[in-house]
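Novice: Pasting a structure here, questions to come.
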Amino acid sequence: MESDLHVEIAARLKRDGQRYTRNRRALVEILRDAKQPQAIPDILRAEPELPQSSAYRNLTVLERSHVVRRVVTGEDFAHFELVEDLTEHHHHLVCSNCGRVEDVQISSGLEQNMEQALDAVADRAGFRTVSHRLDLVGTCRNCA
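With this note's numbering applied, the sequence shown closes on residue 147, and no number is skipped along the way.
Below, the structure is given as structure tokens:
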């Protein structure tokens with residue numbers, strides 16, 4: 004499965020006219036192994052030899068190539084994760100105080116109900132839904 008992930012990412016980058024470099028692979032592996040979206044400082048701690056400018060530059064390329072998704076928080080740094088079609092569908096809890104981002108999955112029944120409600124909203128607006136993302140913003144256990 005790991006090799007399938009890297010094959011798919013290499014193909015996405017190639018379609019965007021980019022190469023799957025050593026630094027991009029390192030970033031992908033950090034995000035793949037993380038239990039939650041990672042901020043730049045987290046990424047640099049995991050890969051200390053990666054220059055910060057290179058991390059930003061390569062994350063931008065990976066985001067443009069639909070490999071990485073940016074999760075915006077109220078913190079100084081955005082958080083990054085692999086896009087859902089490379090992993091699995093989930094939502095986020097975002098702390099508006101400290102910027103912590105935590106992945107959360109909901110039951111299939113609740114997900115189905117939410118999907119139906121969102122489709123109804125989209126239908127009324129004449130909007131064709133492709134997918135949805137839900138970030139719940141509040142305060143984490145540590146900040147509450």
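In this text, a Cβ means the ideal position worked out from N, Cα and C, and glycines have one as well. The structure displayed is predicted, hence computed values, not measured ones.
(1) Would a C-beta distance cut-off of 8 Å place P40 and V74 closer than the cut-off?
(2) Using only alpha-carbon positions, find the residue among A29, T90, D45, D88 that is nearest to N61.
(3) Quick check: the Cα distance between E11 and A147, rounded to an integer number of angstroms?
(4) Within 8 Å, do at least three Cβ pairs link the segment 121-128 to the segment 78-95?
(5) In chain order, what are the residue ranges of uninterrupted alpha helix (DSSP H) at least 4 long that sit wholly in the segment 37-92?
(6) Can you tell me the Cα-Cα spacing of T142 and H93, whole angstroms?
(7) Give me the Cα-Cα distance between T63 and V104, rounded to the nearest whole angstrom.
(8) Indicate the three-state DSSP secondary structure (helix, strand or coil) for G112 in the structure shown.
(9) To the nearest angstrom, how far is the alpha carbon of S56 from that of N26?
(10) Ends of the beta strand (DSSP E) at C98?
(11) Quick one: using the 10 Å Cβ neighbour count with 16 as the cut-off for buried, is L113 buried or exposed?
(12) Please go through the same chain and pick out, in chain order, the residues whose beta-carbon is closer than 6 Å to the beta-carbon of V97, but skip the five residues on each side of it.
(13) Exposed or buried, what is A42 when buried is set at 16 or more other beta-carbons lying within 10 Å of its beta-carbon?
(14) Take R67 and list the residues in its own chain whose beta-carbon comes closer than 7 Å to its own, dropping the five residues that flank it on each side.
(15) For V140, report the span of its beta strand (DSSP E) as first-last.
Specialist: This is what the structure holds:
(1) yes
(2) Of the listed residues, the one whose Cα sits closest to N61 is A29.
(3) 41 Å
(4) no
(5) 43-49, 55-67
(6) Rounded to the nearest angstrom, the gap between the Cα atoms of T142 and H93 is 19 Å.
(7) 20 Å
(8) helix
(9) 12 Å
(10) 94-98 is the span of the beta strand (DSSP E), which, as asked, contains C98.
(11) exposed
(12) Around V97: T76, V104, D138, V140.
(13) buried
(14) D19
(15) 138-141
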